[in-house]
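**Q** Below you will find the structure I want to go over with you.
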Amino acid sequence: MKIEGPGKLLCIFIGEADRWEGRPLAEAIVLMLRREGLAGATVIRGVEGFGADSRIHTAHILRLSEDLPIVIEAVDNEERIRAILPKLDEMVQEGLVCLADVDIVMYRHSGGDTS
Amino acid sequence: MKIEGPGKLLCIFIGEADRWEGRPLAEAIVLMLRREGLAGATVIRGVEGFGADSRIHTAHILRLSEDLPIVIEAVDNEERIRAILPKLDEMVQEGLVCLADVDIVMYRHSGGDTS
Amino acid sequence: MKIEGPGKLLCIFIGEADRWEGRPLAEAIVLMLRREGLAGATVIRGVEGFGADSRIHTAHILRLSEDLPIVIEAVDNEERIRAILPKLDEMVQEGLVCLADVDIVMYRHSGGDTS
Chain A
1 MKIEGPGKLL CIFIGEADRW EGRPLAEAIV LMLRREGLAG ATVIRGVEGF
51 GADSRIHTAH ILRLSEDLPI VIEAVDNEER IRAILPKLDE MVQEGLVCLA
101 DVDIVMYRHS GGDTS
Chain B
1001 MKIEGPGKLL CIFIGEADRW EGRPLAEAIV LMLRREGLAG ATVIRGVEGF
1051 GADSRIHTAH ILRLSEDLPI VIEAVDNEER IRAILPKLDE MVQEGLVCLA
1101 DVDIVMYRHS GGDTS
Chain C
2001 MKIEGPGKLL CIFIGEADRW EGRPLAEAIV LMLRREGLAG ATVIRGVEGF
2051 GADSRIHTAH ILRLSEDLPI VIEAVDNEER IRAILPKLDE MVQEGLVCLA
2101 DVDIVMYRHS GGDTS
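From first to last, the protein sequence lines stand for chains A, B and C.
Residue numbering for the first sequence follows this note's numbering, beginning at 1 and increasing consecutively.
Residue numbering for the second sequence follows this note's numbering, beginning at 1001 and increasing consecutively.
Residue numbering for the third sequence follows this note's numbering, beginning at 2001 and increasing consecutively.
In structure tokens form, the structure reads like this:
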């Protein structure tokens, strides 16, 4: 899989309490991205924030009833990123999804398929 | 609030120990961004790093005297992002603030105002 | 050090278990970036994800045998970012490195060198 060169950074802002088909939405999205063959994805848990529902969530105050913000970041070529947008469209009920242009300067993996 | 289309990603790099008017700067910035009507904001706590003061902070070594790096990310249209920059200019004493072009492909919320 | 204006955001996606010369790779990269004079760097630990080796890592399931995803973010002018790429090329055995255009709107530090 050759992906060096121009690509897209996909950022998905959701909440930790969001769910999809009985499992956490973030986990469902990561499994979908892997199934669709993306190069990688990282789920980051914010410690505070607000989003589509405009409440302030914070790890300090709401430790027991957390709905902290989650950001999922993935980088790949534009074709593969655009291909998963319809699936995200189904899965994300509340949140924000954006794309940025990036230049992929290095991609290395130990898997069997060579670039 | 219609924000799909071209937008800006705002990234604010500060320290966990920074304060503004008696409260943590990150919290003060999040409250300001919500007050100004931004679509959302996420505060991410790094586990290690260095910044405007060039020391290395790490969650492993300095667990008791933490000044870990903080990143605040927010996405909205350019007008709303630019409107909050003068307020950030007042609040951030040390740190780095940058903007990147993004394409907002999805924004969904459950609030009363429709897009 | 004057860095306001057009710059680059460097994003390095690696794994928490990656090592370089006997220490964690993320720590080695942060030390290198500081040695090379970059304005700052932040190491963020994901709670879940997959990457160059395509396994799913999660803080929930694999708490004892963690190889969680790590993202390192740094912002500086293009010249300084490009200067460290050959060093990253030596250090990163598995992972993805990308650059995005940013506009640095504020950089403030308390150090002795004035901008």
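All C-beta atoms, glycine included, are put in the ideal place defined by N, C-alpha and C.
These numbers were taken from a predicted model, which means no experiment stands behind them.
(1) Could you check what DSSP says for L2064/C in three-state terms: helix, strand or coil?
(2) DSSP three-state label for I1044/B, please.
(3) Quick check: what's the CA-CA separation for A1100/B versus L2009/C?
(4) Whose Cβ in chain B lies nearer than 7 Å to the Cβ of V2105/C?
(5) Taking only beta-carbon atoms, is R2082/C less than 7 Å away from chain B?
(6) Assuming F2013/C and V30/A form a contact by the criterion Cβ under 8 Å, report the distance between their Cβ atoms to the nearest whole angstrom.
(7) Counting along the chain, where does the alpha helix (DSSP H) carrying E2078/C start and finish?
(8) Check each residue of the segment 1-19 of chain A: if its Cβ is closer than 9 Å to any Cβ of chain C, include it; give the result in chain order.
(9) So is L1075/B in contact with chain C if we call contact Cβ pairs under 7 Å?
(10) Show which residues of chain A have a CB atom less than 8 Å away from the CB atom of V1047/B.
(11) Hey, how far is the Cα of L2033/C from the Cα of G2040/C?
(12) Using a Cβ-Cβ cutoff of less than 7 Å, which residues in the same chain neighbour D1067/B once the five nearest sequence positions on both sides are dropped?
(13) Could you say which of V2047/C, E2090/C, A2026/C and M2106/C lies nearest to C2011/C if we only look at CA atoms?
(14) Could you check what DSSP says for L33/A in three-state terms: helix, strand or coil?
(15) Need the endpoints of the beta strand (DSSP E) that D1018/B sits in, please.
(16) Span of the beta strand (DSSP E) holding I2104/C?
(17) On a CA-only basis, which of D1089/B, G1037/B, V1075/B and S1110/B is nearest G1007/B? Give me that one, please.
(18) So, is the C-beta of G37/A closer than 7 Å to a C-beta in chain B?
(19) Using the Cβ count rule (16 or more neighbours within 10 Å means buried), how would you classify L2085/C?
(20) In the structure shown, what three-state DSSP assignment does L1025/B receive?
(21) Within the 7 Å Cβ cut-off, does P2069/C reach chain A?
(22) Identify the contact partners of R2108/C in chain B, using a Cβ-Cβ distance below 7 Å as the criterion.
(23) Can you find a CB in chain A that lies within less than 7 Å of the CB of V2030/C?
(24) Cβ atoms of Y1107/B and E1036/B: under 7 Å apart, would you say?
(25) Using only the alpha-carbon positions, how far apart do L38/A and E78/A sit?
(26) For G40/A, decide whether its Cβ has a neighbour in chain C, counting only Cβ atoms nearer than 7 Å.
(27) Using a C-beta to C-beta distance shorter than 9 Å, which residues of chain A count as neighbours of E1078/B?
(28) Against chain B, with Cβ distances strictly below 7 Å, would I72/A count as a contact?
(29) So, is G2022/C buried or exposed, given that buried needs 16 or more other C-beta atoms within 10 angstroms?
(30) DSSP three-state call for E4/A: helix, strand or coil?
(31) Taking the alpha-carbon of D103/A as reference, which of V2097/C, L2088/C and V2105/C has the nearest alpha-carbon?
**A** Looking at the atomic coordinates:
(1) The pLDDT assigned to L2064/C is 43, lower than 50, so where the model puts this residue is not dependable, and the model offers no usable value.
(2) strand
(3) 9 Å
(4) L1085, V1097, C1098 and L1099
(5) no
(6) At roughly 14 Å, the Cβ-Cβ gap does not stay under 8 Å, so F2013/C and V30/A are not in contact.
(7) Looking at the DSSP string, the run of the alpha helix (DSSP H) that includes E2078/C is E2078 to M2091.
(8) I3, G7 and L9
(9) The question names Leu, but residue 1075/B in the sequence shown is Val. Answer no: the Cβ-Cβ gap between V1075/B and chain C never drops below 7 Å.
(10) Listed along chain A is no residue with a C-beta nearer than 8 Å to that of V1047/B; the closest approach is about 11 Å.
(11) Each residue's alpha carbon lies about 8 Å from the other.
(12) Within the same chain, D1067/B has close Cβ partners G1015, E1016, A1017 and H1057.
(13) It is A2026/C.
(14) Reduced to three states, the DSSP call for L33/A is helix.
(15) Segment: none, D1018/B is in no beta strand (DSSP E) and carries neither H nor E.
(16) That run of the beta strand (DSSP E) goes G2095 to R2108.
(17) V1075/B
(18) no
(19) exposed
(20) helix
(21) yes
(22) A1052, V1092, Q1093, E1094 and G1095
(23) no
(24) Against a cut-off of 7 Å, the Cβ pair of Y1107/B and E1036/B comes out as no contact.
(25) 11 Å
(26) It does: the Cβ of G40/A has a partner Cβ on chain C nearer than 7 Å.
(27) Those do not exist, as E1078/B stays about 13 Å from chain A at its closest Cβ, beyond 9 Å.
(28) no
(29) exposed
(30) Reduced to three states, the DSSP call for E4/A is coil.
(31) Per the Cα distances, V2097/C.
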